[in-house]
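Colleague: I'd like to ask you about the structure that follows.
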Amino acid sequence: MYVVVYVNKSYNNLTTCIQRDPIFWVRAHKLHHKYSDTDKDPYTPTEGVWCSYLGWFLYNEYIGTKCGEDPNVSELKAQWFYRFLQDTYFWHPTAFAILLYLYGGFPYLAWVMGVRVTALYLFTFIPFYVIHKWGTRPWNTPDTSTNSWWVALLCLGDGWHNNHHAFPRSPRHGLEWWQLDLTWELIKFLEVVGLAADIKVPTEADKLRRKTSLPVPAKQTDK
Ligand SMILES: [Zn+2]
Ligand SMILES: [Zn+2]
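Residue numbers (the UniProt record's numbering): 1 to 223.
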């Protein structure tokens, strides 16, 4: 399910928004969960706003320098498709930009690759700082993750981040009926049309188990 959803939901977005390849994102994401709020967390807010917001993404060597060669994306690297996307990534947005220019000239290029990409960068990276800093914590996870309704609205469901840390395998982040999660609505649609399968969301028993376990208080670090 994960791979199918990733390809269909995100790759188009990564290409047209110049936000790098799936292996890069999956690696950073796994490192974030494995080393949450520690020195090896790629976008921990404990290193300041800039580093957590865009700095970690814009500095190419950052994750490698910080985390070393953690081989935690072997399942993707084993597939030629993802290696191809990574090796040829530069040409994907480049080809898209050329097509835009040929189709609509400079105005298309400026609005679609300039203004739109800048706006999406600004929104995409908001959660990396905010949702380990401000918000509510309905789940007692051993990290500083929070839920933020306004980030969820801006970022299509990404704001229910404490839910996500509590149930990292669930593609549904807005677990309550009132927690709007547009990405989850898209995944449900992909399931209906056969492009996503084997989707698992937490049951009431899972939630109860989670509520009564992990008595580790979150440490909020202000810096
Ligand atoms: Zn995650
Ligand atoms: Zn997190």
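C-beta: ideal position from N, C-alpha, C; glycine also.
Ordered along the chain, which non-local residues of its own chain (more than five positions away) have a Cβ less than 7 Å from that of K223?
Modeller: Confidence is the limiting factor: at K223 the pLDDT is only 34, short of 50, which leaves the residue's position unreliable, though a coordinate-based value still follows. Same-chain partners within the cutoff: T46 and G48.
Colleague: If distances are taken between C-alpha atoms only, which option among N140, C67, Y129 and K188 comes closest to R209?
Modeller: N140
Colleague: Have a look at L154 and K40 and give me their C-alpha separation to the nearest angstrom.
Modeller: 27 Å
Colleague: Please output, in chain order, the residues near ligand 1 using a CB cut-off of less than 6 Å to any non-hydrogen atom of the ligand.
Modeller: H29, H33, H164 and P168
Colleague: Considering only residues of the stretch 137 to 173, which uninterrupted alpha helix (DSSP H) runs meet the minimum length of 4 residues and lie entirely inside it, listed in chain order?
Modeller: 149 to 154 and 161 to 166
Colleague: What does a CB cutoff of less than 7 Å around L182 pick up in its chain, not counting 5 residues either side in sequence?
Modeller: Counting only Cβ-Cβ distances below 7 Å, and skipping sequence neighbours, we find L156 and G157.
Colleague: At a cut-off of 7 Å, is H173 close to ligand 2 when judged by its beta-carbon and the heavy atoms of the ligand?
Modeller: no
Colleague: Ignore the nearest five residues each way along the sequence and tell me which others in H161's own chain have a CB closer than 8 Å to its CB.
Modeller: P127, I131, H132, G135, S145, T146, N147, S148, V151 and H173
Colleague: Following a CB-centred definition, is L195 positioned closer than 7 Å to any heavy atom of ligand 3?
Modeller: The model depicted lacks ligand 3 and carries ligand 1 and ligand 2 instead.
Colleague: Under the rule that 16 or more other beta-carbon atoms within 10 Å means buried, what is V26, buried or exposed?
Modeller: V26 counts as buried, since no fewer than 16 other beta carbons sit within 10 angstroms of its beta carbon.
Colleague: Grouping DSSP H, G and I as helix and E and B as strand, with all else coil, what is G135?
Modeller: coil
Colleague: Only counting runs of 3 or more residues, tell me where the beta strand (DSSP E) segments fall wholly within the stretch 38 to 114, in order along the chain.
Modeller: Within the stretch 38 to 114, no complete beta strand (DSSP E) run reaches 3 residues.
Colleague: If you reduce the DSSP assignment to three classes, tell me which class P202 lands in.
Modeller: coil
Colleague: Can you tell me whether L175 is helix, strand or coil according to DSSP?
Modeller: coil
Colleague: Distance check for P107 and Q220, CA to CA, integer angstroms please.
Modeller: Bear in mind that a pLDDT of 43 at Q220, under 50, signals an unreliable position, so the model cannot answer this.
Colleague: Using three-state DSSP, classify E191 as helix, strand or coil.
Modeller: helix
Colleague: Between which residues of its own chain and E204 is the CB-CB distance below 7 Å, once the five residues before and five after are set aside?
Modeller: none
Colleague: Measure the alpha-carbon distance for I199 versus L190 and round it to whole angstroms.
Modeller: 11 Å
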